[in-house]
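Heads up: the structure comes next, in structure tokens.
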Amino acid sequence: MKKINNKLQAFFVVALSGLFLLTGCNKDLEQFAPIAKPVYPSGPGIAATIAANPNYSFYSALITRSGLTNLLNDSSKTFTLFATDNTGMKVFVNAASGGAVPLNAPDATFLGFISSLLPAASAAGIIQYNTLGQKVNWGSVGTAFPNFPYTSQIILDPNQPFVRLPIFPSRGTPYSYVNNIPVISTDMAANNGIIHTTFTIVAPPTRLLKDTINRTANLSIFSAAITRGDSGQVGLSRFDSLLNYGVTNMTVLVPSDTAFKTLINGLSGGAIPLGAPNAVFIGFLNTPAFVTAATVRGILAYHFLATNPSGAAGGFVPNIRVFSVNIPSTPTFVKTLVNNGLAIHPGILAKATFTGPTVSSLTFSSYGTFPPGGIPFSYTATAVGIDRHAVNGVFHVIDKVLLPQ
Amino acid sequence: MRKFSSHVVTFLMANIIAVAALAQNVTISGNVRNSTTKEGAGAVSVTIKGASSGTFTDDKGNYKFTVKSLPVTLLISSIGYELKEVTVSSAGFTQVDLIPSAALGQEVVVSATRVPQKILESPVSIERVSAAQIRNAPAANFYDVVMALKGVDVTTSSLTFKTPTTRGFNSSGNTRFNQLVDGMDNQAPGLNFSVGAIIGLSELDVDNLELISGASSALYGPGGMNGTLLMTSKNPFKYQGLSFLVKEGIMNVGNGNSGTPYHNWNLRWGKKVSEKFAFKINAELIQAKDWIASDNRNYSRTGTTGSAIPGDRKTDPNYDGINVYGDETTVDIRAFYASIAGSLPGAANFITANNLLSTPQNVSRTGYTEKELLNPNTVNFKLAGSAHYKLSANTEAVIAGYWGTGNTIYTGSDRYSLKDFKMGQYKIEVNNKDWSLRAYTTQENAGESYNATATTRLFNESWKKSVTTDAGGNPTPQASDWYIQYSFQYLSNLMNGMSAYDAANAARSVADVGRPAAGSPGFIAAYDAIRKKPISQNGGLLLDQSDLYAVEGNYNLTSVTKDFADILVGVNYKKYVLNSKGTLFADSTGTIGIAAYGAYVQATRQVTDRVKLTASGRYDKMENFKGRFTPRITALIKLKENNNLRLSYQTAYRFPSSQQQYINLQVGSTRLVGSNPTFANYVGYPANPLYTFSTVTGSSTLTNFKTFTPPAVKPETVSSFELGYKGLLMESKLLIDVYGYYGQYNDFTGRVNTIQTLTGNAADTSNSSKRRNISVVVNSTDKVKTYGFGLGADYRLPLNFTVGANLASDLLKDVPVNFVAYFNAPKYKANVNFGNVGFGHQNRLGFNVAYRWQQGFYYQGDFANGNLPDVQTLDAQVSLKLPKTKSIIKFGANNLLNQYYYNAVGNARIGGLYYVSFGYNVY
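As given, the protein sequences belong to chains A and B, one line each in that order. Residues 5 to 409 (the numbering used here) are what the first sequence spells out, left to right. Residues 19 to 941 (the numbering used here) are what the second sequence spells out, left to right.
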């Protein structure tokens with residue numbers, strides 16, 4: 005028995021010694037492979053890619069002037085840049101300098117203007133407007149009418165930083181555009197994005213439609229008509245509010261003063277001569293005995309292009325920005341705000357005539373005619389000023405007042 | 019009937035006063051000491067052979083009592099010593115030396131059949147822990163000794179909140195395992211967890227712990243589905259004198275921690291004032307920095323189920339850390355983007371291109387870690403006292419009170435900080451050798467206890483609203499809202515060319531502007547304001563002050579029925595008074611009372627010399643439920659002396675807990691409601707139906723909706739068969755205990771997650787903003803089966819060395835697919851211990867080394883689920899007795915190798931605790 009006890013003791017001493025070895029390995033709870041953090045690519049960024057290409061040296065100078073070089077080279081971000089080559093930059097500088105820098109000036113003159121005379125804030129505004137916070141291969145740009153709005157880097161409302169000034173690439177055959185500027189080459193790769201080249205700078209608008217219209221000569225009767233049409237309306241039901249609201253995205257066909265005068269002269273049976281002062285024509289519009297506010301409002305509504313994204317009755321909103329180059333060369337109906345009151349109204353018949361990538365003629369035909377009773381859409385206005393770009397839309401000046409019926 | 023009553027009264031009175039009439043006129047005295055150490059042996063029984071009179075030695079080993087005449091033969095006995103007979107022929111002083119005994123299996127247990135019997139002859143599996151074992155155990159707290167028993171699993175919520183069970187189904191607040199302290203149900207009446215480690219006995223006052231494994235309702239009433247732990251305190255007639263025990267230690271070592279102190283002070287004073295009157299006072303204080311849960315893994319929740327998933331605060335915008343609170347608030351921000359897209363064509367294209375509308379964009383609020391939120395200071399103070407008066411030699415009246423308060427952390431459906439929690443148990447009882455009568459009450463006060471998860475979510479709302487709503491609860495988003503700021507900034511960041519990863523984190527930084535830093539004065543003031551506000555008033559405070567009132571009596575009729583069988587009968591009545599003022603139960607308009615009563619009878623008959631049969635039956639009835647009968651049949655077959663085979667068929671059942679009946683609590687995004695039929699009106703079904711659902715794998719999308727009307731909930735039951743053997747071998751030096759069991763659970767009570775639309779429109783089930791989550795109590799229609807075994811061996815080596823080992827296994831069988839059983843038991847677990855209670859000079863040295871291993875398993879809890887790895891721990895202690903000063907010094911360690919481990923997902927990780935203790939008069 006003693007032997008057994010001794011053996012047991014030895015066994016347990018050994019066993020307990022083993023336990024010390026065993027107890028060194030409590031494992032942690034089940035752990036998972038971490039979700040991979042993004043690995044950012046190395047290599048030249050967009051600014052560096054531009055800088056490395058001698059054909060873009062002017063634009064590179066513009067980037068430098070903007071102070072956004074580091075941002076555009078940030079490999080943790082992804083961008084699309086609408087840049088222009090040196091030829092396009094010359095066109096821009098020539099225009100921006102008011103012709104002071106002629107197109108045939110030495111390169112150093114252009115560079116000097118960009119680097120010194122062009123305000124840095126303007127340069128920054130251009131670069132921000134030309135930059136999307138996403139990579140957009142040109143092949144993915146939409147072809148639908150009228151274009152494909154993207155958000156630029158210009159923030160319109162600091163309290164809602166996603167409210168951005170939009171820019172409008174449109175892909176077509178044979179020509180593509182950004183806003184109304186032709187695209188001449190696409191898909192230049194950089195490590196943090198892609199670059200598309202436009203004919204010249206795609207400049208950002210700086211004013212709202214209301215302000216821009218008011219600053220444009222020969223449109224004062226339209227402004228007066230707006231005031232007359234808005235009487236009794238509130239909020240964004242007022243055309244004036246729409247034109248002054250930064251986050252709308254409109255296309256407005258603005259009849260010139262001459263167009264209004266022609267119409268009023270006809271409506272008054274010649275009692276108001278074409279040579280009368282503008283105030284007389286405006287007085288006619290403001291006289292209910294001659295024309296009601298509702299009539300004015302209806303006529304104006306016919307000049308605001310619209311779509312109905314919700315499909316609901318009365319759901320037409322002025323939410324498209326149609327540059328001249330977006331209008332097809334075959335006559336195409338475009339709805340207007342009139343469709344909110346008359347859903348089946350065919351809209352306006354629009355047609356663009358192209359010479360190369362440029363629109364040489366832009367017309368809009370209305371259902372109604374003046375004098376009344378003509379064949380629908382036989383009454384055609386021609387754009388006498390196109391692609392007047394504003395923050396919240398674009399307007400084209402037309403030579404006739406379009407009549408919905 | 020009246021005649022019968024008068025007989026009973028007469029019988030009782032006879033018992034009480036009979037012995038008082040005995041003449042006593044010779045005083046004898048003496049001293050009993052350990053023959054080896056020569057130290058006085060306290061609490062030794064000194065009785066007159068052939069009579070029932072006697073006494074116990076005091077803490078110095080002295081005894082003194084009067085006898086009728088001389089000579090008398092004294093029987094001097096104590097566990098751990100050989101029995102000694104001493105003849106006293108003359109009045110005077112007698113010195114007696116008791117020889118320490120190493121005999122195994124001599125312990126007497128009471129709980130197995132409610133009558134004293136040798137543990138070797140228990141007809142059901144039972145484990146016993148004596149005061150001597152606690153004294154020699156390496157565990158820092160007596161409650162931890164239970165962990166080393168065969169087949170026991172413990173869930174550790176915090177340093178002082180530990181929940182044991184046997185045979186599976188453990189959790190932080192196990193309601194399937196009874197804990198009785200001196201006969202009183204130790205469960206908090208409202209919070210439904212047993213508080214044995216927090217409020218109950220202090221270590222110096224523990225006489226013994228008895229653990230019945232498995233179903234045990236037949237004798238102890240509802241609840242004992244998986245076992246019953248009975249904790250019995252020391253009687254001041256037997257254990258006398260002043261004792262104290264001071265433990266000073268260190269914990270939170272390593273694992274990035276620098277170590278924090280652990281204090282545990284115990285005091286006990288027992289005084290036998292006379293042969294008729296004795297009293298005792300106990301106090302215990304534990305103060306330490308608690309283990310803080312820091313499982314910050316990402317968790318995907320659906321109601322009260324879920325699983326850990328990849329991702330962290332940086333990589334998952336919807337990160338919901340297990341022990342990070344406040345980040346349970348989640349919103350699908352697509353609604354904001356849909357609104358933006360509707361008004362901004364440019365943004366609409368961007369939103370579409372970035373898939374911000376096509377897939378859920380859930381984002382969670384930024385949370386705070388448990389470490390940042392919960393005060394780790396754990397204080398546990400227990401105060402208890404009792405007065406004992408011997409009405410006769412066989413009848414003792416006791417009035418006792420146990421009160422405790424403390425701070426600790428509990429894991430339920432959320433993590434709860436039990437702050438200034440108080441509970442008192444007060445009883446008056448009369449115990450006769452043949453009967454007992456007890457009345458007691460449990461008075462619970464949740465103090466400043468609060469739901470850490472809910473509080474933190476509300477705290478987040480206090481410094482910045484998630485989404486503003488109108489009086490009707492409809493969202494009216496404001497620019498100042500957290501989700502507006504986040505979603506706007508996130509979209510803007512994406513437009514700035516940022517990656518989704520950077521955009522999300524930068525947006526969070528913007529939305530979190532103004533977020534109070536954890537621990538800052540502003541944080542503390544705001545957080546405290548919410549945690550002190552009742553849950554019913556959009557705070558986190560539990561106002562629970564529920565009570566339990568109970569009366570019970572037992573009578574051993576054996577003296578009358580012994581020719582037929584030993585018969586024991588008992589009755590009890592309980593009344594729960596739920597009072598949470600609407601913060602836990604649906605009791606905002608007044609308290610809720612739940613009454614229950616029951617009765618049992620047990621008959622034991624020695625059928626042959628070798629076979630003893632015991633049959634028990636119990637009937638219980640609880641308000642709102644039909645009555646239940648639970649039988650138990652056991653057989654003890656004597657193979658030879660000290661070798662017995664045991665067979666048993668046991669049943670147990672459990673009425674739904676008070677929470678399962680009446681809870682009305684928002685937990686995360688889910689409202690838990692009770693099973694009481696009144697909740698149908700409260701929730702509004704079936705007019706506005708509930709729907710069950712499935713979860714699309716790998717996403718939080720719900721699908722497969724089916725209408726669901728919760729059926730009436732029934733008590734769950736278990737039937738268990740057990741075969742066991744316990745016996746002494748190898749000249750009584752080896753004790754073997756083996757058992758195997760098979761159990762079947764019927765009407766298993768659990769919860770099912772449902773949804774209900776806010777509109778009553780079935781089509782809105784798929785719209786997360788137009789539905790709410792409701793968790794309802796249900797019985798499973800599937801039968802859940804468990805089986806397992808346990809085997810243990812203890813061997814007495816020479817020179818007081820002992821070695822023991824046990825292995826147990828618990829398994830769940832036929833678990834239906836997707837059934838959440840909360841089994842929570844490792845397939846295998848084992849304990850090995852090696853020790854010596856006395857070696858070296860005068861046997862003054864002692865040591866004990868205990869090793870525990872448990873296999874990993876999948877843990878399921880309402881708070882969190884997940885795989886637990888294998889756990890191995892090594893506990894050890896070395897002690898030195900100082901006989902002259904009746905003191906003992908002990909150096910001990912729990913988890914000696916400081917190998918941090920978890921035994922529940924969502925609970926703290928447990929590390930080493932190292933202590934040195936000085937005990938005076940510890941016996």
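Note that beta-carbon positions come from the ideal geometry of N, C-alpha and C, so glycine has one too.
Please report the straight-line C-alpha distance between residue i and residue j, rounded to a whole angstrom.
i         : j         : result
Tyr99(B)  : Gln151(B) : 14 angstroms
Pro209(A) : Thr73(A)  : 22 angstroms
Asn323(A) : Pro361(A) : 25 angstroms
Lys831(B) : Thr804(B) : 6 angstroms
Gln917(B) : Gly929(B) : 6 angstroms
Gly71(A)  : Ala128(A) : 7 angstroms
Leu436(B) : Gly442(B) : 15 angstroms
Phe255(B) : Glu302(B) : 21 angstroms
Ala536(B) : Ile542(B) : 8 angstroms
Gly422(B) : Asp812(B) : 36 angstroms
Ala614(B) : Lys593(B) : 6 angstroms
Gly47(A)  : Asp78(A)  : 10 angstroms
Hey, out of the options, whose CA is closest to residue i's CA?
i         : options                                    : result
Ile348(A) : Ile331(A), Ala316(A), Gly378(A), Ser333(A) : Ala316(A)
Ala207(A) : Phe36(A), Tyr63(A), Thr266(A)              : Tyr63(A)
Ala670(B) : Ser190(B), Pro363(B), Ile230(B), Asn478(B) : Ile230(B)
Ile144(B) : Asn861(B), Lys550(B), Tyr757(B)            : Tyr757(B)
Gln762(B) : Ala839(B), Gly808(B), Asp77(B)             : Ala839(B)
Cys29(A)  : Ala911(B), Val889(B), Ala922(B)            : Val889(B)
Gly810(B) : Asp225(B), Val170(B), Ala780(B)            : Val170(B)
Asp381(B) : Asp338(B), Asp115(B), Leu436(B)            : Checking the sequence shown, residue 381(B) turns out to be Val, not Asp. Ranking Asp338(B), Asp115(B), Leu436(B) by Cα distance to Val381(B) puts Asp338(B) first.
Leu362(B) : Gly397(A), Tyr371(A), Ile303(A), Tyr306(A) : Gly397(A)
Leu198(B) : Leu222(B), Ser234(B), Ser176(B), Arg51(B)  : Ser234(B)
Pro649(B) : Asp438(B), Glu659(B), Asn660(B), Tyr618(B) : Tyr618(B)
Gly324(B) : Leu509(B), Val629(B), Tyr876(B)            : Tyr876(B)
Hey, quick one: how far does the beta strand (DSSP E) through residue i stretch, first residue to last?
i         : result
Val90(B)  : 90-95
Arg526(B) : Not the beta strand (DSSP E): Arg526(B) falls in the alpha helix (DSSP H), residues 518-529.
Pro279(B) : 275-290
Leu683(B) : 682-685
Pro405(B) : It should be pointed out that residue 405(B) corresponds to Ala in this sequence rather than to Pro. Segment 395-410, the beta strand (DSSP E) holding Ala405(B).
From which residue to which residue does the alpha helix (DSSP H) around residue i run?
i         : result
Val300(A) : 297-305
Arg383(B) : Unbroken run through Arg383(B): none, as it is neither H nor E.
Tell whether a beta-carbon distance below 8 angstroms holds between residue i and residue j.
i         : j         : result
Arg769(B) : Ser784(B) : no
Pro196(A) : Phe83(A)  : A small correction: the amino acid at residue 196(A) is Asn; Pro does not occupy that position in the sequence shown. Yes. Within cutoff.
Tyr680(B) : Ala604(B) : yes
Thr91(B)  : Lys67(B)  : yes
His406(B) : Val397(B) : no
Tyr386(B) : Tyr343(B) : yes
Pro335(A) : Ala310(A) : no
Which complete alpha helix (DSSP H) runs does the stretch 242-306 of chain A hold, if anything under 4 residues is left out? 243-247, 261-271, 282-289, 297-305
Please give me, in chain order, every unbroken run of the beta strand (DSSP E) with length at least 3 that falls completely inside the stretch 36-120 of chain A. 83-88
Go through the stretch 628-652 of chain B residue by residue and report every complete run of the beta strand (DSSP E) that reaches 3 residues or more, in order. 629-640
Segments of 4+ residues assigned as alpha helix (DSSP H) that fall wholly inside the stretch 228-254 of chain B: 235-238
Runs of 4 residues minimum, wholly inside the stretch 83-169 of chain B: which ones carry the alpha helix (DSSP H) assignment? 149-154, 160-163
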